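First up is the structure itself, then whatever we jot down about it.
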Amino acid sequence: MKTKKPKVTEILHHLGEEDLPFGAVNPPIFQTSIFSFKTFADFKNALKDEKNSYIYSRGNNPTVNLVEEKIAELEHGEKAKLVSSGVAAISGSMMAFLKSGDHVISVRDVYGWTKTLLEKYLKRFNVSFSYVEGTDPEEIEKNINKNTKIIYLESPTTFSFKIQNLKQIAKIAKKHGIKTIIDNSWATPIFQNPIDYGIDLVVHSVSKYIGGHSDVVAGAIIGKEEDIAHIFKTEFQNIGTVPDPFMAWLVLRGLRTLHIRMRVHYENTLKIIDFLKNEEKIAEINYPFFKENPQFKLAKEQMRGGSGLFSFKIKTNSENNIAKFTDSLKYFRRAVSWGGYESLIIPYAVTLCGDNDKDRLSLVRVHIGLEESELLIDDLKQALSQINL
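For the record, in the sequence shown the residue sitting at position 340 is 340 according to UniProt numbering, with numbers rising by one throughout.
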């Protein structure tokens with residue numbers, strides 16, 4: 001029985017690496033699709049316990065399992081399952097606990113593909129859903145039906161970066177026997193551990209900060225051993241969202257510096273926000289750790305720090321102005337996703353927004369990378385000077 005939780009660097013640099021073959025410093029990549037057995041009995045016993053055996057890399061692989069062990073410890077969970085993408089983590093964690101006729105409550109401003117899962121895919125199987133803002137736990141409780149099986153959270157949310165009170169929501173969910181799932185990709189386990197607040201399952205787009213180098217696509221699900229075993233049996237093995245060993249090895253490489261990178265992303269972001277808050281062309285800044293944010297106190301209580309992803313509004317109603325600002329940037333790359341070493345920008349106007357999204361025309365999301373903050377501030381300053389309001 002564990003008496004204390006291992007330190008972050010103990011997890012990242014040592015956990016699971018106590019006895020590497022041939023005295024290797026870096027864990028080897030087990031690039032194999034199948035595993036053989038010395039005897040008939042060994043073969044038979046492995047097939048009886050597939051979730052804990054090496055049979056076929058679609059189920060388990062030593063390189064993959066090492067990464068899972070580290071991620072589980074980082075998130076204070078019992079077990080983790082590495083999967084082929086963040087979407088696979090979101091879909092697998094939800095579908096494993098849903099059947100026809102069930103109901104899901106989700107925060108409204110979630111990742112686009114999460115919305116697609118709720119609005120189109122699960123609808124095919126007669127699973128209904130309700131959206132809530134998520135900032136008021138009472139609103140969530142009011143939307144609970146007899147058939148509600150999952151409360152899905154994303155804290156902070158996409159583009160608006162609103163956070164949810166995890167402790168209160170977990171308490172409500174447990175009272176009603178509802179499973180809670182949260183996307184923790186933004187804060188990472190370095191800055192937030194939802195399981196400590198009573199959340200059942202944590203999902204990650206490992207492609208983001210955990211990978212950290214914009215060269216890998218992966219996802220992870222973390223929770224109690226029985227829940228991960230259920231997901232392994234019902235969704236992972238059947239649908240086959242397999243993480244290959246080389247991808248897992250790249251994730252492991254990214255994990256080594258996660259605690260260092262997150263600190264730099266956070267520090268850089270605070271400096272950039274400190275610059276933007278005094279710019280006359282900026283109308284709004286959306287970041288939980290911006291001191292003027294109404295949820296600043298909750299952010300400080302719930303998280304140990306923030307990431308490099310936030311949004312702001314420019315004082316304009318012109319898409320041409322937004323385009324000019326975006327195109328004038330020299331060091332911010334115009335691209336989707338986030339979490340790598342590089343700084344990125346995605347104006348809401350480039351998305352497939354409709355008439356209901358006109359109030360977001362001036363909204364711009366940026367990811368602050370690992371460049372020197374002065375370089376990024378100068379870039380934003382010159383880009384803002386290119387537009388006339």
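Where is the CB? At the ideal position from N, CA and C, for every residue including glycine.
All figures in this text were calculated on a predicted structure; none of them were measured in a lab.
Checking 8 Å against the spacing of the C-beta atoms, do residue i and residue j come in under that value?
i           : j      : result
Ala220      : Ile387 : no
Lys79       : Ile228 : yes
Ile29       : Pro245 : yes
Phe191      : Ser311 : no
Pro27       : Leu15  : no
Ile195      : His76  : yes
Ile272      : Ile377 : yes
Ile163      : Pro288 : yes
residue 407 : Val206 : Look at the range of the chain in this structure, 1 to 389, and you will see that residue 407 is not part of it.
Lys51       : Phe232 : yes
Leu389      : Lys313 : no
Tyr348      : Leu329 : no
Ser33       : Ser53  : no
Met94       : Ile151 : no
Leu384      : Glu279 : yes
Ala88       : Thr257 : no
Gly308      : Gly254 : no
Lys291      : Ile285 : no
Ala170      : Tyr197 : yes
Asn143      : Ser130 : yes
Please classify residue i as buried or exposed, where buried requires at least 16 other C-beta atoms within 10 Å of its C-beta.
i           : result
Asn293      : buried
Ser106      : buried
Ser185      : buried
Glu374      : exposed
Pro189      : buried
Val216      : buried
Asp102      : buried
Leu47       : exposed
Leu20       : exposed
Gly223      : buried
residue 449 : Summary: the structure shown does not reach residue 449, with the chain confined to residues 1 through 389, and so no result is reported for it.
Arg261      : buried
Val251      : buried
Ser343      : buried
Thr9        : exposed
Glu226      : exposed
Val83       : buried
Val336      : exposed
Gly23       : exposed
Glu68       : buried
Lys81       : buried
Asn268      : buried
Pick helix, strand or coil for residue i, following the three-state DSSP scheme.
i           : result
Asp183      : strand
Lys291      : coil
His213      : coil
Val67       : helix
Met1        : At Met1 the pLDDT is 43, less than 50, meaning the model places this residue with poor confidence; the figure from the coordinates comes in the next sentence. Met1 falls in the coil class under three-state DSSP.
Leu118      : helix
Arg256      : coil
Ile169      : helix
Tyr54       : coil
Lys277      : coil
Gly177      : coil
Ser91       : helix
residue 390 : Nothing about residue 390 can be reported from this structure: the residues present for the chain run from 1 to 389 only.
Met303      : coil
Lys44       : helix
Asn321      : helix
For residue i, which of the options has the nearest alpha-carbon?
i      : options                        : result
Lys297 : Met247, Pro21, Ile282, Asn165  : Asn165
Ser91  : Glu279, Tyr121, Ile199, Glu17  : Tyr121
Ile322 : Asp49, Val217, Pro62, Ile346   : Ile346
Ala187 : His259, Arg58, Gly112, Leu252  : His259
His367 : Ile314, Phe332, Leu384         : Phe332
Leu270 : Gly305, Glu280, Gly212         : Gly305
Glu138 : Lys167, Tyr111, Thr157         : Lys167
Glu133 : Ser337, Ser53, Glu154          : Glu154
His204 : Tyr111, Gln382, Lys300         : Tyr111
Gly339 : Gly86, Leu66, Lys300           : Gly86
Ala96  : Met247, Lys315, His230, Leu370 : His230
Pro62  : Ile169, Ile11, Trp249          : Trp249
Tyr209 : Lys174, Tyr266, Glu141, Pro243 : Tyr266
Based on the DSSP secondary-structure assignment, which residues constitute the bridge partners of residue i?
i           : result
residue 403 : Past the edges of the chain, shown from 1 to 389, lies residue 403, and the structure says nothing about it.
Ser311      : Asn286, Arg365
His204      : Ala220
Tyr266      : Paired residues: none, contrary to the question.
Lys81       : Ile221
Leu344      : Arg333, His367
Ile11       : The partner list for Ile11 (beta bridge, DSSP) is empty, contrary to what the question assumes.
Ile34       : Tyr56
Considering only heavy atoms of the ligand ZN, does any lie closer than 7 Å to the CB of residue i?
i      : result
Leu298 : With respect to the ligand ZN, the structure offers nothing, as it holds no ligand at all.
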